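Enquirer: Before I ask anything, let me first share the structure, which is written out below as structure tokens.
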Amino acid sequence: MEIIRSKYAGACYGVNRALSILDNAIEGSRVVCGAEVDSVAGAGSIAGADSVAGVGSIAGADSVAGVGNVAEAGSDSVGDVGIGSDMVGSCEIYTLGPLIHNPQVTRELRSRGVKEADSINDINSGIMVIRSHGVALEVIEQAERKGLIVMDATCPHVTKAQVAARQLKEQGYLVLIVGELGHPEVEGIRAYAGNQAIVAQEPRDLPEAFESDNIGIVVQTTQTESSLELIVRELVGRGFEPVVRDTICFATKQRQEAAIELAGNVDAMVVVGGRNSGNTTRLAQLCTKVCRNTHHIESAEELDPAWFVGVGVVGITAGASTPENQIIAVEKTLENLL
Ligand code: SF4
Numbered sequence: 100m101e102i103i104r105s106k107y108a109g110a111c112y113g114v115n116r117a118l119s120i121l122d123n124a125i126e127g128s129r130v131v132c133g134a135e136v137d138s139v140a141g142a143g144s145i146a147g148a149d150s151v152a153g154v155g156s157i158a159g160a161d162s163v164a165g166v167g168n169v170a171e172a173g174s175d176s177v178g179d180v181g182i183g184s185d186m187v188g189s190c191e192i193y194t195l196g197p198l199i200h201n202p203q204v205t206r207e208l209r210s211r212g213v214k215e216a217d218s219i220n221d222i223n224s225g226i227m228v229i230r231s232h233g234v235a236l237e238v239i240e241q242a243e244r245k246g247l248i249v250m251d252a253t254c255p256h257v258t259k260a261q262v263a264a265r266q267l268k269e270q271g272y273l274v275l276i277v278g279e280l281g282h283p284e285v286e287g288i289r290a291y292a293g294n295q296a297i298v299a300q301e302p303r304d305l306p307e308a309f310e311s312d313n314i315g316i317v318v319q320t321t322q323t324e325s326s327l328e329l330i331v332r333e334l335v336g337r338g339f340e341p342v343v344r345d346t347i348c349f350a351t352k353q354r355q356e357a358a359i360e361l362a363g364n365v366d367a368m369v370v371v372g373g374r375n376s377g378n379t380t381r382l383a384q385l386c387t388k389v390c391r392n393t394h395h396i397e398s399a400e401e402l403d404p405a406w407f408v409g410v411g412v413v414g415i416t417a418g419a420s421t422p423e424n425q426i427i428a429v430e431k432t433l434e435n436l437l
């Protein structure tokens, strides 16, 4: 049996960046809270800082000390930031919801002391890491009022969708978000899109009537192009001329296109990633359309030899929140099935 990994599979830029920022938060927690100088070594956001050597902002910080070198704002790598070892203190680290939609990763983070809070109301002190899905601006403002140290791991592509939603609203459009109702990223974008904003993932989710003829569309970063096209076609069919800001992120497009191509050329397809990961689930759905023998698994232990009886070539892809080690474990297990 031949095993082929999809060209683009596994953790994307935004997820790797969020994990690096959280690593820095864990490292930085030893030197931040309780110290005379509010400092955070790391990238991400340090809101309200008078001086920042890095990306973003630290809530309430007067200065950023002990930071090695984060000269490259927006750098892919934020994991090599130096921290002043002479600084002492500790504080708790929270994420609002799981950092990424991958159960194994969130389990590991919990074992390293990272806590998940359902709401900012559940956090009274310490470091709050904003995950790649982003949050409403009000949440960051509330965190700053509470004196929390905010490390912002919002993916820049999500920020782009938030900005597009805000701009459309300011230009007088009724904002329609093509996405999954209730998904944290969508709820974050909705906070920028105005009270009237509508969320729809497929045409049947659209309301019968709209409060405005001027509809502006933004898209959840991990949606498929076909979801967007179906919604636009439906609106055009109803006589609207929507303005479209296609905010589907490049990483998502790459993963979907490469996975579809591979799935069309293999006998079986394995999609690795959290079942609670929307982008992984969509990858599995897309692959199933071209390869009926597609299986969505979270870990190598779930592989069933029966799926590969008579299979000559198996393809592997993985969602944007699936770390490399989980993909390698699946590849190794598959090799042992040979
Ligand atoms: S899938 Fe795209 S938008 Fe989402 S975290 Fe990854 S790079 Fe960012």
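For the record, in the sequence shown the residue sitting at position 302 is 401 according to the working numbering, with numbers rising by one throughout.
Where a beta carbon is used, it is the ideal one built from N, C-alpha and C, also for glycine.
Remember, it's a predicted structure, so these values are computed and weren't measured experimentally.
Classify D217 as buried or exposed, calling it buried when 16 or more other Cβ atoms lie within 10 Å of its own Cβ.
Expert: The residue labelled residue 217 in the question sits at position 118 within the sequence shown. When all chains shown are included, D217 counts as exposed.
Enquirer: Check D217 in the structure and name its three-state DSSP category.
Expert: As a working note, residue 217 is residue 118 in the sequence shown. Coil at D217, not helix or strand.
Enquirer: Give the straight-line distance between the Cα atoms of L280 and E397, rounded to the nearest whole angstrom.
Expert: Reading the sequence shown from its first residue, position 181 is the one you call residue 280. Reading the sequence shown from its first residue, position 298 is the one you call residue 397. Going from the Cα of L280 to the Cα of E397 covers about 23 Å.
Enquirer: Bridge partners of H395, per DSSP?
Expert: The residue given as residue 395 occupies position 296 in the sequence shown. Answer by DSSP bridge pairing, in chain order: V370.
Enquirer: For the putative contact between A417 and V371, defined by C-beta atoms under 8 Å, what is the C-beta separation to the nearest angstrom?
Expert: To locate residue 417, count along the sequence shown from 1; it is residue 318. To locate residue 371, count along the sequence shown from 1; it is residue 272. Their Cβ separation, rounded to whole angstroms, is 4 Å, which keeps A417 and V371 in contact under 8 Å.
Enquirer: Evaluate the contact criterion for the stretch 333-342 versus the stretch 378-398: three or more CB pairs, one atom per stretch, below 8 Å.
Expert: With a cut-off of 8 Å, the stretch 378-398 and the stretch 333-342 do not count as touching, because too few Cβ pairs lie within range.
Enquirer: Identify every residue that forms a DSSP beta bridge with I314.
Expert: Taking the sequence shown and counting its residues from 1, the one referred to as residue 314 is at position 215. Answer is L273.
Enquirer: Starting from the Cα of G246, find the closest Cα among T379, C190, P255 and Q203 and give me that residue.
Expert: Stepping through the sequence shown from its first residue, residue 246 is reached at position 147. It is C190 whose Cα lies nearest to the Cα of G246.
Enquirer: Find the nearest neighbour of L195 within the set D221, Y112 and G414, judged by alpha-carbon distance.
Expert: For the purposes of this step, residue 195 is identified with residue 96 of the sequence shown, where counting begins at 1. When only C-alpha atoms are compared, the closest one is D221.
Enquirer: So does S231 have its beta carbon nearer than 7 Å to some heavy atom of the ligand SF4?
Expert: Taking the sequence shown and counting its residues from 1, the one referred to as residue 231 is at position 132. Yes.
Enquirer: Please classify K214 as buried or exposed, where buried requires at least 16 other C-beta atoms within 10 Å of its C-beta.
Expert: As a working note, residue 214 is residue 115 in the sequence shown. Flag for K214 reads exposed.
Enquirer: Measure how close the beta-carbons of V277 and Q300 come, nearest whole angstrom, since I'm counting them as under 8 Å.
Expert: Taking the first residue of the sequence shown as 1, we reach residue 277 at position 178. Taking the first residue of the sequence shown as 1, we reach residue 300 at position 201. Yes, V277 and Q300 are in contact; Cβ-Cβ is about 7 Å, under 8 Å.
Enquirer: Ignoring anything shorter than 4 residues or poking outside the stretch 298-353, list the alpha helix (DSSP H) runs there in chain order.
Expert: 324-336
Enquirer: By the 10 Å Cβ neighbour count, where 16 or more other Cβ atoms means buried, how is V408 classified, buried or exposed?
Expert: By one-based count along the sequence shown, residue 408 stands at place 309. It counts as exposed.
Enquirer: Quick check: the Cα distance between G233 and A308, rounded to an integer number of angstroms?
Expert: The residue labelled residue 233 in the question sits at position 134 within the sequence shown. The residue labelled residue 308 in the question sits at position 209 within the sequence shown. Cα to Cα, G233 sits roughly 30 Å from A308.
Enquirer: Residue ranges of each alpha helix (DSSP H) run of no fewer than 4 residues wholly in the stretch 226-302, ordered along the chain?
Expert: 236-244, 255-269 and 283-292
Enquirer: On the DSSP letters alone, give me the boundaries of the beta strand (DSSP E) that I192 sits inside.
Expert: Position 93 of the sequence shown, counted from the first residue, corresponds to residue 192. Where I192 is concerned, the enclosing beta strand (DSSP E) stretches over I192 to L195.
Enquirer: One question on the structure: do E286 and T320 come within less than 8 Å of each other, judged by their Cβ atoms?
Expert: Reading the sequence shown from its first residue, position 187 is the one you call residue 286. Reading the sequence shown from its first residue, position 221 is the one you call residue 320. Against a cut-off of 8 Å, the Cβ pair of T320 and E286 comes out as no contact.
Enquirer: How far does the beta strand (DSSP E) with I102 in it reach, from first residue to last?
Expert: As a first step, residue 102 is located in the sequence shown; it is residue number 3 there, counting from the start. It spans E101 to R104 - the beta strand (DSSP E) in which I102 sits, taken as one unbroken run.
Enquirer: Just reading off the beta strand (DSSP E) that G409 is part of, what are its end residues?
Expert: Start at 1 with the first residue of the sequence shown, and residue 409 comes out as number 310. From DSSP, G409 is part of no beta strand (DSSP E); its letter is neither H nor E.
Enquirer: What would DSSP say about G418, mapped onto helix, strand or coil?
Expert: Position 319 of the sequence shown, counted from the start, is the residue given in the question as residue 418. Note: G418 maps to coil in three-state DSSP.
Enquirer: In terms of residue numbering, what span does the alpha helix (DSSP H) encompassing N210 cover?
Expert: Residue mapping note: residue 210 aligns to position 111 of the sequence shown, counting from 1. The sequence shown places Ser at residue 210, not Asn. P202 to S210 is the span of the alpha helix (DSSP H), which, as asked, contains S210.
Enquirer: What residue from L361, E356 and S325 has the CA that sits closest to D345's CA?
Expert: Here the question's residue 345 lines up with position 246 in the sequence shown. It is S325 whose Cα lies nearest to the Cα of D345.
Enquirer: Taking the beta carbon of N201 as the centre, do at least 16 other beta carbons fall within 10 Å, making it buried, or is it exposed?
Expert: Position 102 of the sequence shown, counted from the first residue, corresponds to residue 201. Label assigned to N201: buried.
Enquirer: How close, in whole Å, do the beta carbons of A110 and E423 come, if the pair is a contact with beta carbons under 8 Å?
Expert: Here residue 110 corresponds to residue number 11 of the sequence shown, with the count starting at 1. Here residue 423 corresponds to residue number 324 of the sequence shown, with the count starting at 1. Correct: roughly 7 Å between the Cβ atoms.
Enquirer: Would you tell me roughly how many angstroms separate the C-alpha atoms of G363 and E126, rounded to the nearest one?
Expert: Position 264 of the sequence shown, counted from the first residue, corresponds to residue 363. Position 27 of the sequence shown, counted from the first residue, corresponds to residue 126. The alpha-carbon atoms of G363 and E126 are separated by roughly 44 Å.
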